[in-house]
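Below you'll find the structure, written out as structure tokens, and then a few comments.
Protein chains: 2
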Amino acid sequence: MTNIRDIAKMANVSVTTVSRVLNNHPYVTEEKRKAVMQAVKQSNYYKNINAVHLSTGKTYLIGIVLPYSDHPYFSKLLHAISNQALANQYKLILFQTKYQKEKEEEALNMLKQKQIDGLIICSRAHEWDTIEQYTAYGRIALLENCKSKSISTTFIDHHHTFYHALEYLYKNNHRKIGYCIYRKTGVSSKERESAYRTFLKENNIAYQPAYIFDQCLQYEDGEKVFHQLKQMTDPPSALVVTSDQVAACLVTCCQKGGIDIPNDLAIIGFDNHPMAKYMEITTMEIPFEEMGGSLFKQVIQSDQVTHHQVDVRLIERKTV
Amino acid sequence: MTNIRDIAKMANVSVTTVSRVLNNHPYVTEEKRKAVMQAVKQSNYYKNINAVHLSTGKTYLIGIVLPYSDHPYFSKLLHAISNQALANQYKLILFQTKYQKEKEEEALNMLKQKQIDGLIICSRAHEWDTIEQYTAYGRIALLENCKSKSISTTFIDHHHTFYHALEYLYKNNHRKIGYCIYRKTGVSSKERESAYRTFLKENNIAYQPAYIFDQCLQYEDGEKVFHQLKQMTDPPSALVVTSDQVAACLVTCCQKGGIDIPNDLAIIGFDNHPMAKYMEITTMEIPFEEMGGSLFKQVIQSDQVTHHQVDVRLIERKTV
DNA sequence: CTGAAAGCGCTAACAA
DNA sequence: TTGTTAGCGCTTTCAG
């Protein structure tokens, strides 16, 4: 493998000069620049980027932590972040954790090891404290509603958003309202539960544990909800479903299985995935591009910690 | 930042010894090993992986080239490859190209620059020749039907698969058969066109350019097809749609728009995405896990070039 | 079993 | 404007 020293020899200049032309630094005569370029071309030379990384301490690599890359929510997010990264000469390295702490640690450790300049965490399994410790090694941006002094965040106000959805159902005369979430332990789920409890209290509605459906993440999870609904003697009349794909499956199952939407069951989805548009599912639109752009900006700007709230919009269609 | 030399000093050993215990090499007394471990723990030391990379010339990083990470087909594939990578201590670096040659080059160049050990190309924009040149710098695995001596491939026999789908429609008494594809220039599209032409010829059916719908990639592209169908005086009676999400949108639009499926229009999708199951769409099942596993294996084994064909299964449901 | 020392290939401070 | 040189932090050969 030819290296910078070989090029220097070939072009009859010093390695510094070669480095200068390679990095477009000033103070090189056109003549020498040409000689270097010539040598580079002739020998089909390419920088060893690992040496650059070692020398500069920067890699232009951003880690991105998410549980599943084949889920529409996360893949839309990934897509948005990737757009930004590519436009800014950064590369993304993917950590698909499935919420396993060890996988998350691998990502965190790469920060320690300096293989990545920063880390975007879209959803986490580790405690907040653990994550915060790693800010000593590099930038972290988190998709979560938390005003930290050390970690930048981009977030949705899930409490408010969820409350808004519940209210909308209430205005449409629903009193038996339930919801479907990814995982009870998630931070956003807790915000949602709190919104739900507040909503019930303010409207004097009794809390019904059976109206809460956990583990609704994949498309096919909508079917489980459908079956549970079918077996309930007093099912909810409306459901907030925190993923359009789960909502889409549920709607499909209901159409086939004799539950009339929205008369027997009203549904509000989340994401505003195209499928919600064509299936005419009322949903909460999540601004993926904005979120991805914000997270990326936060993770590369090393000078300040910011907190950016993105707004979610209710899109009225035909399932309520 | 503490480095290996600091640890050596702290533990009163040489850097070599530190390196040995860090890498679990033999020939270190338990005593010294402990001393090193102690020092490591005390100073919260972590290897600088860039130095390791420079020194060893290996990065345990695999690049993955795909056009869109938010498309179900590619995100399923990404998911499958990611599963394998994580299980084998490799990390994935994502190149979302949108079929831009420059983006593809970036990935290829990282191979040259030794930032990645290998590259998996799920879909390409560059000419085959261009790509082949890069095998000099590292392993490449390609998701494409091509028996190359220098690049390992995992592939679907699109000709056969597509022919099979067409035949199935023919057996179901369809004579006006069309299809929807991603992009005409793709390698798989050409195989499909060839299958289509052969099929028409063998059954004495005239070629109808209007029966071929290009640019069907995103969910919402199904709507475009629907509108075109509506305006045709002599529309096809059956369509092979090379993506379940496009098929799903089309089915949805047809249900709303008064095209009866399968009577007015029969549809075969591709992928066997869960949505095809619940929407009862007849489809060709693509074995993503097998494909991802194969591609990953091929890209890390440096000793041989292999070609692995995966089989696609027709799943009969209710849209034909 | 252990350590000295020579790289890996590049950057950048400093001197000229 | 150019070149010398000392790192960056780790691995690995070789001699002991």
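Line by line, the protein sequences are chains A and B. When we follow this note's numbering, the leftmost residue of the first sequence carries the number 1, and every step to the right adds one. When we follow this note's numbering, the leftmost residue of the second sequence carries the number 1, and every step to the right adds one. Just so you know, even glycine gets a beta-carbon here, dropped at the ideal spot from N, CA and C. From a predicted model like this one, the values you see are computed outputs, not experimental measurements.
**Prompt:** Three-state secondary structure (DSSP) at T161(B)?
**Reply:** T161(B): helix per DSSP, three-state reduction.
**For H308(A), the first and last residue of its enclosing beta strand (DSSP E)** = Going by DSSP, H308(A) is part of the beta strand (DSSP E) stretching over 307 to 310.
**Request:** Rank I181(B), H79(B), V187(B) by C-alpha distance to the C-alpha of H126(B) and give the top, closest one.
**Result:** Among I181(B), H79(B), V187(B), the Cα nearest to that of H126(B) belongs to V187(B).
**Item:** Residue environment, A206(A), which counts as buried when at least 16 other CB atoms sit within 10 Å
**Value:** Burial call: exposed.
**Request:** Indicate the three-state DSSP secondary structure (helix, strand or coil) for T153(A) in the structure shown.
**Result:** Looking at T153(A) - three-state DSSP - the assignment turns out to be strand.
**Asked** With a Cβ-Cβ cutoff of 8 Å, do G222(A) and A195(A) count as a contact?
**Response** Pairing G222(A) with A195(A) gives a Cβ-Cβ distance that is not under 8 Å.
**Request:** Return the first residue and the last residue of the beta strand (DSSP E) that M284(A) is part of.
**Result:** Counting along the chain, M284(A) sits inside the beta strand (DSSP E) bounded by residues 283 to 285.
**Whole-Å CB distance - A266(B) paired with L169(B), under 8 Å assumed** = Separation of the CB atoms of A266(B) and L169(B) is rounded to 6 Å, and the pair is thereby assigned contact status at 8 Å.
**Message:** DSSP three-state label for R175(B), please.
**Reply:** Reduced to three states, the DSSP call for R175(B) is coil.
**Asked** So which of I212(B), K32(B), N204(B) has the shortest CA-CA distance to R175(B)?
**Response** Looking only at I212(B), K32(B), N204(B), the smallest Cα-Cα distance to R175(B) is reached by N204(B).
**Asked** Of all the residues that make up the region 216 to 241 of chain B, which are near chain A by a beta-carbon distance shorter than 9 Å?
**Response** Listed in sequence order: Q218, Y219, E220, G222, E223.
**Request:** Determine which residues share a DSSP beta bridge with D271(A) and list them.
**Result:** For D271(A), the pairing in a beta bridge is given by DSSP as E285(A).
**Asked** Any idea what DSSP makes of Q301(B), helix, strand or coil?
**Response** Look at Q301(B) here: in three-state DSSP terms it is coil, with no helix or strand label.
**Asked** So what's V65(A) in DSSP terms, helix, strand or just coil?
**Response** The answer is strand: DSSP assigns V65(A) an E or B state.
**Message:** Is there a Cβ of chain A sitting closer than 8 Å to that of K274(B), yes or no?
**Reply:** A quick correction: the sequence has Pro, not Lys, at residue 274(B). P274(B) has a beta carbon lying within less than 8 Å of a beta carbon in chain A.
**Message:** Going by DSSP, what residue range makes up the alpha helix (DSSP H) through Q38(B)?
**Reply:** Taken as a continuous stretch (DSSP letters only), the alpha helix (DSSP H) holding Q38(B) covers 30 to 43.
**Request:** Please list the partners that D214(A) has in chain B, where partner means a Cβ-to-Cβ separation under 9 Å.
**Result:** The premise fails here: D214(A) is roughly 19 Å from chain B at the closest Cβ pair, so nothing lies under 9 Å.
**Request:** State yes or no: is the beta carbon of S75(B) nearer than 8 Å to at least one beta carbon in chain A?
**Result:** With 8 Å as the cut-off, S75(B) counts as an interface residue toward chain A.
**Request:** Would you kindly work out how many angstroms separate the C-alpha atoms of E167(A) and T252(A), rounded to a whole number?
**Result:** Cα to Cα, E167(A) sits roughly 25 Å from T252(A).
**Through-space distance from K91(A) to K101(A), alpha-carbon basis** = Between the C-alpha atoms of K101(A) and K91(A) there is a straight-line separation of about 24 Å.
**Residue nearest to I181(A) in terms of C-alpha spacing, selected from T242(A), C146(A), K147(A)** = Answer by Cα proximity: T242(A).
**Asked** Can you tell which of Q133(B), I212(B), Q115(B) has its C-alpha closest to the C-alpha of G57(B)?
**Response** Of the candidates Q133(B), I212(B), Q115(B), the one whose C-alpha sits nearest the C-alpha of G57(B) is Q115(B).
**Request:** List the DSSP bridge partners of A266(B).
**Result:** Beta-bridge pairing links A266(B) to A238(B).
**Request:** Mind the definition here: the region 217 to 237 of chain B touches the region 284 to 299 of chain A only if three or more C-beta pairs lie below 8 Å; say whether that holds.
**Result:** Taking one beta carbon from each stretch, the region 217 to 237 of chain B and the region 284 to 299 of chain A have fewer than 3 pairs nearer than 8 Å; the two do not touch.
**Prompt:** For the putative contact between A80(B) and F288(B), defined by C-beta atoms under 8 Å, what is the C-beta separation to the nearest angstrom?
**Reply:** Indeed, because the Cβ distance is near 5 Å, the residues count as touching under 8 Å.
**Item:** Cut-off 6 Å between Cβ atoms - residues of its own chain near R33(A), not counting five sequence neighbours on either side
**Value:** For R33(A), the CB contacts under 6 Å within the same chain, skipping 5 residues up- and downstream, are V21 in chain order.
**Prompt:** Quick one, which of H307(A), Q301(A), I315(A) has its alpha-carbon nearest N88(A)'s?
**Reply:** Ranking the options by Cα distance to N88(A), first place goes to Q301(A).
**K184(A) to Y163(B) span [Cα, whole Å]** = Using only the alpha carbons, I get a separation of about 47 Å.
**Item:** 7 Å Cβ cut-off: residues of chain B touching K91(A)
**Value:** Those are I93, listed as they occur along chain B.
**Message:** Taking a contact to mean a Cβ-Cβ separation below 8 Å, would you say K318(B) touches T283(B) in this structure?
**Reply:** Pairing K318(B) with T283(B) gives a Cβ-Cβ distance that is not under 8 Å.
**Item:** Nearest to I315(A) (by Cα), restricted to the options Y99(A), S152(A), A165(A)
**Value:** Of Y99(A), S152(A), A165(A), the residue nearest in Cα terms is A165(A).
**Prompt:** Does the beta-carbon of A136(A) have 16 or more other beta-carbons within 10 angstroms, so that it is buried, or is it exposed?
**Reply:** Exposed is the call here.
**Message:** Please tell me whether V52(A) and I151(A) are closer than 8 Å, where the distance is taken between their beta carbons.
**Reply:** It is not a contact, given that the beta carbons lie outside the stated cut-off.
**Prompt:** Of the choices Q96(B), D129(B), P26(B), S43(B), whose alpha-carbon is the least far from that of G63(B)?
**Reply:** The shortest Cα separation from G63(B) among Q96(B), D129(B), P26(B), S43(B) belongs to Q96(B).
**Asked** By a C-beta neighbour count over all protein chains shown, 10 Å radius and 16 as the cutoff for buried, is E31(A) buried or exposed?
**Response** By the 10 Å Cβ count, E31(A) comes out exposed.
**Prompt:** For H79(A) and chain B, any beta-carbon pair shorter than 8 Å?
**Reply:** So, interface residue.
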